[in-house]
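Residue numbers (this note's numbering): 17 to 172.
Remarks on the structure that follows.
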C-alpha cells in the first residue's frame, strides 16, 4: 500500500529507508536513480494518491526495486489497467529484465502481456500444471487452448 499523503519520491524513500540522516542522503540518491530509471521523474513530486492507477502500480514496483532483490516477483502487474498503462508496465518490466539483468517472475492472466514478456511460461489450470514451455509452444498447446477457449470452441 503506497503512502496516500506522500509524494511519489517520499513514498519510495520512506517505504524502504527508515534510517539515520547520514544514510538519508545516500538513499535519497538511490531513490532518484530508481525513479529516473523507470521514467517516473516527472511524477516524483506528485502525491502518490493522485497518481493514475498505472503509475501507482509502477511506484509499487519501484519500492520493490529499492530493496535490491535478486528476483522480482509480480502478482498480476497489469490487472485493471487500460491498454496504455499495460504498455507502460510492460516497458518497465522489460527494462528491469533487460537493463538490470534481473529475473522477473510474474503471475498474470493477460496472455498478451505474458506472451510479450516471458521467455518461459508455466500454465496452471485449477491448481495443476497444465503446460510449460516457450511462448510459441504454449500458444500452440492444445491443452492450453482447450482450457482457455473451451473444447467446443476449438475449430480444427
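Glycine included, every Cβ here is placed at the ideal spot set by N, Cα and C.
- Task: Helix, strand or coil for residue 105, going by three-state DSSP, please let me know.
- Result: Residue 105 carries a helical assignment under DSSP once its states are collapsed to helix, strand and coil.
- DSSP three-state assignment for residue 114, whether helix, strand or coil: Three-state DSSP puts residue 114 in a helix.
- Chain-order list of residues whose beta-carbon lies under 7 Å from that of residue 57 (same chain, five-residue window excluded): Setting aside the 5 residues that flank it on each side, residue 57 is surrounded in the same chain by 51, each with a C-beta closer than 7 Å to its C-beta; the list follows chain order.
- Message: Let me make sure I understand the geometry here. Which of 76, 84 and 68 has the alpha-carbon closest to that of residue 43?
- Response: Distance check between residue 43 and each of 76, 84 and 68 places 84 closest, using alpha-carbon atoms only.
- Sorted by chain position, which residues of the same chain lie with C-beta nearer than 7 Å to residue 80's C-beta, five sequence neighbours on each side aside? Answer for residue 80: 88, listed in chain order.
- Would you be able to state if there are at least three C-beta pairs under 8 Å between the region 137-145 and the region 98-110? Contact between the region 98-110 and the region 137-145 is not established, with fewer than three Cβ pairs separated by less than 8 Å.
- Query: What is the DSSP secondary structure of residue 62, reduced to helix, strand or coil?
  - Reply: Residue state, collapsed to three classes: coil.
- Contact under 8 Å by Cβ, residue 93 with residue 122: In contact: residue 93 and residue 122 (Cβ atoms closer than 8 Å).
- Query: Quick one: complete beta strand (DSSP E) runs, 3+ long, within the region 124-156?
  - Reply: Assignment of beta strand (DSSP E) within the region 124-156, counting only whole runs of 3 or more residues, yields 137-141 and 144-149 in chain order.
- State the DSSP-derived secondary structure class of residue 83, mapped to helix, strand or coil. Residue 83 falls in the coil class under three-state DSSP.
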